[in-house]
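Presented below is the structure to which this report refers.
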Amino acid sequence: FPKEKVKQVVAGAKAIIVPEMNYTGVIAEQVERVTDLNIPVIKVPKVATLHHPDDILKAIEEVAK
-3 FPKEKVKQVV
7 AGAKAIIVPE
17 MNYTGVIAEQ
27 VERVTDLNIP
37 VIKVPKVATL
47 HHPDDILKAI
57 EEVAK
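Take -3 as the starting number for the sequence shown in my numbering and just add one per residue.
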């Protein structure tokens, strides 16, 4: 997993939103593990369908509150 690249990309972020094509949250768990930045990791799971932009927007709006 590209630990240093992820840390570089999320530096200064309020939260990290991770859309996933499963309910297990495998990538989100990896992001939480490798960043160790005490930033909330918001999982946006979907199974058998693609993410709709509204799903991502809803997660962004929740973080922005």
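Quick reminder that beta carbons are idealized off the backbone N, C-alpha and C, glycines included.
Using a Cβ distance threshold of 7 Å, aspartate 51 and valine 59 do not count as a contacting pair. Residue environment: alanine 44 is assigned as exposed (fewer than 16 neighbouring CB atoms within 10 Å of its CB, all protein chains considered).
In the three-state reduction of the DSSP assignment, isoleucine 23 falls in the helix class. Distance from the CA of lysine 1 to the CA of glutamine 26, rounded to the nearest whole angstrom, comes to 13 Å.
Counting C-beta atoms within 10 angstroms of its own C-beta, isoleucine 12 has 16 or more neighbours from the protein chains shown and is therefore classed as buried.
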